[in-house]
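Here is the structure we will look at, set down as structure tokens.
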Ligand SMILES: *[C@@H]1O[C@H](CO)[C@@H](O)[C@H](O)[C@H]1NC(C)=O
Ligand SMILES: *[C@@H]1O[C@H](CO)[C@@H](O)[C@H](O)[C@H]1NC(C)=O
Ligand SMILES: *[C@@H]1O[C@H](CO)[C@@H](O)[C@H](O)[C@H]1NC(C)=O
Ligand SMILES: *[C@@H]1O[C@H](CO)[C@@H](O)[C@H](O)[C@H]1NC(C)=O
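Residue numbers (mature numbering (1 follows the signal peptide of the UniProt record, and there is no 0)): -25 to -1, 1 to 499.
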């Protein structure tokens, strides 16, 4: 293996025998020393090649690696930054970074991706390292948030669907051992959306990799998730665009959004711009019909537009009327995703996934993308990317903990998809086991992966901006650590809104309900 001196091969068995006390002493020696710059010599790392290693000062910023951005990204604490690649086959590799903080508390953290992968998540590298985890993130085996890389590249597809997080975990743990002269104590995973799917996939298929998994807004049931987003764009007219009669221009989505709030906001007892739970409101779009007045294109909807709205907010049904996938969340703000979802083009991830991931044909005509395409994709299910199984037997048996959350204003993933995943696991594992290892928190008014645009209590420590308190009641990452290491399973989480208001979040199936004085956890 190039770049790794043969000397270090001899050292490997000795390293394993270093007694705990000595290893601890070497850990502080590592901090600030040129151990970082010389990390390549601390191997061997097997299929891993160290590309660069640099010291990063606290409160500074670094240049990102890869094709996803050029703006400097913040680094809060002093650390050793290592860029490396892991060979996953003779034609594929995962590019990754390690952020190894000087003040390390012994924990390993792997970080997932978003969308169609391909971008290193620097924000979470900063979050993890500033909370003293040795933190690792990768490009998921390809560069950039598109699907072209999957075309006739089954190994790249396998990295994306099934393998990159495992490769990152195996290589990363070796790097931790070499750098700190000590193995990690516990290993964790954090990710949202695609990252939530990757975390779920790890629990299902690589159960030994992590002691604790934080899987946000999991993109599980992959073909139905991406495919139904494709259908949303079809309902409103893709690919014919603005000339199609069911097309709903941006301004009318504003009208629809206002009408949803008018009908649904107060159903939960509090008028605050949040539709707490979609299934508590029966939205009637026909109120907006132009036959009842209003000005076409300005303040009311034509019949084809009304039909499109009905489809968007209804469940996707199969031939026998069975529910295949839940409807779009009523609270989701359509204006924030107008271009990608409702703008008159097939949702880009659906386009890419079906052309390059499924049909392996860049010229495939997806003009009439339909349920049949979703079913075909789900049937092929490359490398079991669907990630829709409840069999967590091995993960549960090894003592793993699975913490997951979904926002009720998520613009891409309906609450019901996370609930379906929960129900599958419940069916396979039983109620007692679920309480022991798998907990879902539904967050009213949180948008996709919890951005500051969320009207609800989205600050839960899933990422920045952090909640006001670094404790296990407010921060899901710390709650997960406490669950894994302290045996204290999270019963509730206190979420904080942008305005600083706290609200109790409840372990599914309990819901956070206003009782006239405060929010409490109740059965629905
Ligand atoms: C970073 O800045 C904060 C506040 O400005 C300060 O408290 C902290 O000590 C600084 N950290 C480092 C590593 O310089
Ligand atoms: C990669 O390895 C496979 C067997 O695992 C072999 O069939 C293929 O020819 C190799 N490709 C290259 C580019 O070396
Ligand atoms: C899509 O459907 C239209 C109308 O049924 C049809 O004319 C057209 O040929 C279809 N396109 C493809 C690629 O199947
Ligand atoms: C939470 O912890 C982080 C990292 O240690 C720190 O930067 C931040 O100031 C802490 N926040 C509070 C409120 O203690």
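Idealized CB from N, CA, C, for every residue including glycine.
Using beta carbons (cut-off 8 Å, strictly below), is residue i in contact with chain B?
{"i": "residue 201", "result": "The chain inventory of the structure shown lacks chain B, comprising one protein chain alone."}
Who are residue i's beta bridge partners in DSSP?
{"i": "residue 59", "result": "25, 71"}
{"i": "residue 108", "result": "82"}
{"i": "residue 113", "result": "71"}
{"i": "residue 66", "result": "Looking at the DSSP assignment, residue 66 forms no beta bridge with any residue, so it has no partner."}
{"i": "residue 300", "result": "291"}
{"i": "residue 418", "result": "382"}
{"i": "residue 54", "result": "31, 76"}
{"i": "residue 276", "result": "264"}
{"i": "residue 190", "result": "166, 379"}
{"i": "residue 460", "result": "Residue 460 pairs with nothing; no bridge assigned."}
{"i": "residue 434", "result": "471"}
{"i": "residue 43", "result": "DSSP output for residue 43 lists no bridge partner at all."}
{"i": "residue 477", "result": "471"}
{"i": "residue 271", "result": "275"}
{"i": "residue 36", "result": "49"}
{"i": "residue 482", "result": "416"}
With a cut-off of 8 Å on the beta carbons, I'd call residue i and residue j a contact; round off their distance for me.
{"i": "residue 528", "j": "residue 51", "result": "Residue coverage of the chain in this structure runs from -25 to 499, which leaves residue 528 outside it and unanswerable."}
{"i": "residue 196", "j": "residue 448", "result": "The pair is not a contact, with the Cβ atoms about 31 Å apart (cut-off 8 Å)."}
{"i": "residue 379", "j": "residue 415", "result": "5 Å"}
{"i": "residue 198", "j": "residue 353", "result": "4 Å"}
{"i": "residue 184", "j": "residue 144", "result": "4 Å"}
{"i": "residue 54", "j": "residue 40", "result": "No, residue 54 and residue 40 are not in contact; Cβ-Cβ is about 15 Å, not under 8 Å."}
{"i": "residue 120", "j": "residue 43", "result": "7 Å"}
{"i": "residue 377", "j": "residue 188", "result": "5 Å"}
{"i": "residue 390", "j": "residue 304", "result": "6 Å"}
{"i": "residue 408", "j": "residue 371", "result": "6 Å"}
{"i": "residue 290", "j": "residue 386", "result": "That belief does not hold up - the Cβ atoms of residue 290 and residue 386 are roughly 17 Å apart, past 8 Å."}
{"i": "residue 210", "j": "residue 287", "result": "6 Å"}
{"i": "residue 471", "j": "residue 443", "result": "6 Å"}
How would you write the range of the alpha helix (DSSP H) that residue i sits in, first residue to last?
{"i": "residue 225", "result": "225 to 239"}
{"i": "residue 50", "result": "Run containing residue 50: none in the alpha helix (DSSP H); it sits in the beta strand (DSSP E), 48 to 50."}
{"i": "residue 139", "result": "139 to 155"}
{"i": "residue 209", "result": "197 to 210"}
{"i": "residue 354", "result": "346 to 355"}
{"i": "residue 132", "result": "129 to 133"}
{"i": "residue 370", "result": "368 to 372"}
{"i": "residue 308", "result": "Here residue 308 belongs to no alpha helix (DSSP H), and DSSP marks it neither H nor E."}
{"i": "residue 324", "result": "323 to 327"}
At which residues does the beta strand (DSSP E) containing residue i begin and terminate?
{"i": "residue 103", "result": "Segment 97 to 105 is the alpha helix (DSSP H) holding residue 103; no beta strand (DSSP E) there."}
{"i": "residue 166", "result": "162 to 167"}
{"i": "residue 495", "result": "494 to 497"}
{"i": "residue 379", "result": "376 to 382"}
{"i": "residue 408", "result": "It is not in any beta strand (DSSP E) - residue 408 instead sits in the alpha helix (DSSP H) that spans 406 to 412."}
{"i": "residue 18", "result": "Per DSSP, residue 18 belongs to no beta strand (DSSP E) and is neither H nor E."}
{"i": "residue 469", "result": "467 to 471"}
{"i": "residue 489", "result": "486 to 489"}
Spell out a yes or no on whether the region 172 to 181 and the region 353 to 364 are touching, meaning 3 or more CB-CB pairs, one atom from each, closer than 8 Å. yes
Within 6 Å of ligand 3: residues by beta-carbon to any heavy atom: 340, 342, 343
Under a criterion of Cβ closer than 5 Å to any non-hydrogen atom of ligand 1, which residues qualify, in chain order? 33, 34
Can you tell me which residues fall inside 7 Å of ligand 4, judged by beta-carbon distance to its nearest heavy atom, and keep chain order? 51, 105, 106, 441, 443, 444, 445
Taking any heavy atom of ligand 2 as the mark, which residues have a C-beta closer than 7 Å to it, listed down the chain? 64, 65, 66
Does the structure place the region 17 to 27 close enough to the region 112 to 121 that three or more beta carbon pairs sit under 8 Å? no
Would you call the region 79 to 90 and the region 56 to 68 in contact, with 3 or more CB pairs under 8 Å? no
Do the region 257 to 277 and the region 220 to 239 meet, that is, are 3 or more Cβ pairs less than 8 Å apart? yes
Closer than 8 Å is the cut-off here; do at least three beta carbon pairs connect the region 206 to 222 with the region 306 to 324? yes
Taking contact to mean at least 3 C-beta pairs separated by less than 8 Å, is the region 458 to 469 in contact with the region 400 to 420? yes
Are at least three pairs of beta-carbons, each pair with one atom in the region 199 to 211 and one in the region 335 to 351, less than 8 Å apart? yes
Could you tell me whether the region 428 to 440 touches the region 474 to 490, using the rule of 3 or more Cβ pairs below 8 Å? yes
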